[in-house]
Every structure is written in structure tokens, then in C-alpha cells.
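Here the sequence shown is numbered in this note's numbering, starting from -16 and rising by one per residue.
Note that beta-carbon positions come from the ideal geometry of N, C-alpha and C, so glycine has one too.
Take a look at the structure set out below.
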Amino acid sequence: MDFSIEEFEEVVRNIEEKLDGLDSQLASVPGIVQTGISHWWVTDGLEVAIKWAGETIVDFLTWLLETVRDLLKGVVAPVYMALCAGDWLDIRSSSSQVAANVDPNVLASTGEWQGAAQFAYRAAATAHNAAAKRISDISKDAATTLIVSAAAGLTFYAVILGVLVKAAMAVTVGLGGIASGVFSWAGAALIVEEAITDSAAIAAAIAGLTALLTAQVTTMAGLEATATDNSTWPNGKWPDAATSTFDNGTRLDGTAEWSIR
-16 MDFSIEEFEE
-6 VVRNIEEKLD
4 GLDSQLASVP
14 GIVQTGISHW
24 WVTDGLEVAI
34 KWAGETIVDF
44 LTWLLETVRD
54 LLKGVVAPVY
64 MALCAGDWLD
74 IRSSSSQVAA
84 NVDPNVLAST
94 GEWQGAAQFA
104 YRAAATAHNA
114 AAKRISDISK
124 DAATTLIVSA
134 AAGLTFYAVI
144 LGVLVKAAMA
154 VTVGLGGIAS
164 GVFSWAGAAL
174 IVEEAITDSA
184 AIAAAIAGLT
194 ALLTAQVTTM
204 AGLEATATDN
214 STWPNGKWPD
224 AATSTFDNGT
234 RLDGTAEWSI
244 R
């Protein structure tokens, strides 16, 4: 899954614009209701119906605005996740380079000498190569988990934006009917239906996001377990270079710990 900070910020800007528009619609409801019931042909029964429709719109908009603004409290998380993923990828790049540099299978120096010291040197290089590879693997998996989570956040807020766009259209239709003074049960039903479908859509989006993030948390827990595995990092530390096993610079043919091939 891909994630674009620019695309995400555009979605958030559009959400905020839609919220401002719905705020304006909410503030306009009392005036529009008053306009609707002021027409000379409006009967007492019709007046009651128009007021009910206005109250329904107010309740719906109040709920929607509060719900979405509450969901926006976590809006910075996907951006931070993407930035952290970039940091992990940088770590992966560095650690994989270290792993390549100390790979005993490609180190030219391991083929230039022989003896016990050479075997000790190769063993130390092997341990360092494995440790660096482990960091590289953890970094890759951490970055992937964060990017998947960030992309899920983008999808989630895109769904919220779609809900707001649809809600604004339904409210516009409902307010237009109220202002005309000609009450329509179909128009009122549209608002009620919108409230039901929007709440269902938001609940489904939250459930989907929660399920995905729960899976990612499980993955991160696995990474933590891997990071604390002492088989690669003895006692939680970088493998000992054990230079004393191959740092003898003397060369006495037949008795030295090493010799040139």
C-alpha cells in the first residue's frame, strides 16, 4: 500500500472545508425554518411538520459534526507513521550496507591469509553480518507496517470525506424543501435515511481501520520479540569483535596463528 502525505493533507483540507460548510448549514436552520412557516398557506399541521424536519436536520448535523471532529483528533497519526517509516528505511539502507561490507563470503581479506586467526576473523565477520542483517530485516518490516497503517488512515479519512459530501447534498435538499414552505415527507425521509447510512458508513470505516491496526500491532509485537532475540545479539549487545583472536601482527613461519596464503 502506498501513502502520499500531500494526498492525505488534501483530504484533510477538504474535510475541514466540508465541516465549515455544514457548520454554516446548521446555523442557518432556524432562519430557514422560520422562512418556511411564514408562508401564508402553511397550516398548523404543516408548521409542526416543518419544525420537526428542521429539528431532525439540527440533530443530524450536530451528531455528524461532533463525530467527525472527534475522529480528526487522530489525524496527525498517518503523517507521523509515514515519516517514521522513512526513518526506518534509512536505517535499513545503512544496516544492509554494513551487512554487505562484513559478509565473509565476499570479504577479499578472508582469502589472503590462513590459520586459526583467519578462522576467528571469519567467525566474527559472520556474527556481525547476521546482526546487521537482523537490523535490516526489522527495519524493513517496521517501515512496511507503518506505511500500511498510514495508508489505512488515508483510506479511512477519504471515507469520512465521502460521508460529508453526501450529507451536505442531502441537507441542502432538505433545507430547500423547508424554505419553500411545502413540506415533503420524502425530503424528511431523505434526512433520516442519510443519518442512518452515514452512521453505518462511519461505524464500518472505524471497524475496518481498527481491525487493520490490530493486525499491525500484532506484527509490531512480533518485531519486538525478534529485536530482543539474544541469539543474534548476545546479552542484548552487538556481537563481540574478539579482536584478540586475530590481532597478532607477528609472523613466525610454522608457529604463527596466521600466515599469508
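Simplified DSSP assignment, three categories, for residue i
i, result
"Asp53", "helix"
"His22", "coil"
"Asn88", "coil"
"Pro222", "coil"
"Ser(-13)", "coil"
"Val59", "coil"
6 angstroms Cβ shell around residue i - same chain, five flanking residues per side excluded
i, result
"Thr18", "Ala162"
"Ala115", "Ser78, Val81, Ala82"
"Arg117", "Thr215"
Distance, residue j Cα to residue i Cα
i, j, result
"Thr45", "Ala151", "13 angstroms"
"Asn67", "Lys123", "This sequence places Cys at residue 67; Asn is not what is there. Going from the Cα of Cys67 to the Cα of Lys123 covers about 12 angstroms."
"Thr155", "Leu5", "10 angstroms"
"Ser77", "Ser214", "22 angstroms"
"Gly157", "Gly145", "19 angstroms"
"Val41", "Val(-6)", "25 angstroms"
"Lys220", "Gly205", "19 angstroms"
"Ser182", "Leu54", "13 angstroms"
"Ala113", "Glu(-8)", "40 angstroms"
"Ala103", "Ala110", "11 angstroms"
"Gly28", "Ile15", "18 angstroms"
"Trp216", "Ala106", "14 angstroms"
"Ser7", "Pro13", "12 angstroms"
"Ala36", "Gly69", "51 angstroms"
"Lys149", "Glu30", "27 angstroms"
"Arg(-4)", "Pro222", "49 angstroms"
"Phe43", "Glu(-10)", "29 angstroms"
"Thr245", "Gly159", "Examination of residue 245 is not possible in this model, given that the chain is present from -16 through 244 alone."
"Val85", "Ser132", "34 angstroms"
"Glu207", "Lys56", "28 angstroms"
"Ala190", "Glu0", "25 angstroms"
"Ala194", "Ser11", "39 angstroms"
Neighbourhood of residue i by C-beta distance below 7 angstroms, restricted to the same chain and skipping five residues each side
i, result
"Ala60", "Gly136"
"Thr128", "Gln199, Thr202, Met203"
"Phe139", "Ala188, Leu192"
"Ser119", "Arg75, Ser78, Ser79, Ala82"
"His22", "Gly164"
Whole-Å CB distance - residue i paired with residue j, under 8 angstroms assumed
i, j, result
"Pro87", "Ala108", "4 angstroms"
"Ile185", "Ile143", "7 angstroms"
"Asp(-15)", "Ala134", "6 angstroms"
"Glu177", "Ala141", "Wrong, their Cβ atoms sit about 19 angstroms apart, outside the cutoff."
"Leu72", "Leu48", "Wrong, their Cβ atoms sit about 38 angstroms apart, outside the cutoff."
"Leu147", "Ile(-2)", "6 angstroms"
"Ile121", "Thr209", "6 angstroms"
"Ile(-12)", "Val62", "6 angstroms"
Extent of the continuous alpha helix (DSSP H) to which residue i belongs
i, result
"Gly164", "Per DSSP, Gly164 belongs to no alpha helix (DSSP H) and is neither H nor E."
"Asp212", "From DSSP, Asp212 is part of no alpha helix (DSSP H); its letter is neither H nor E."
Residue i at chain C interface by Cβ criterion, 8 angstroms
i, result
"Gln8", "This model lacks chain C altogether; it includes just one protein chain."
Cβ-based neighbour list, residue i, same chain, cut-off 8 angstroms, excluding 5 preceding and 5 following
i, result
"Arg52", "Leu2"
"Gln211", "In the sequence on display, residue 211 carries Thr and not Gln. Counting only Cβ-Cβ distances below 8 angstroms, and skipping sequence neighbours, we find Gly219."
"Ile33", "Val16, Gly19, Ile20, Val25, Ile161, Gly164, Phe166"
"Val89", "Ala83"
"Ile179", "none"
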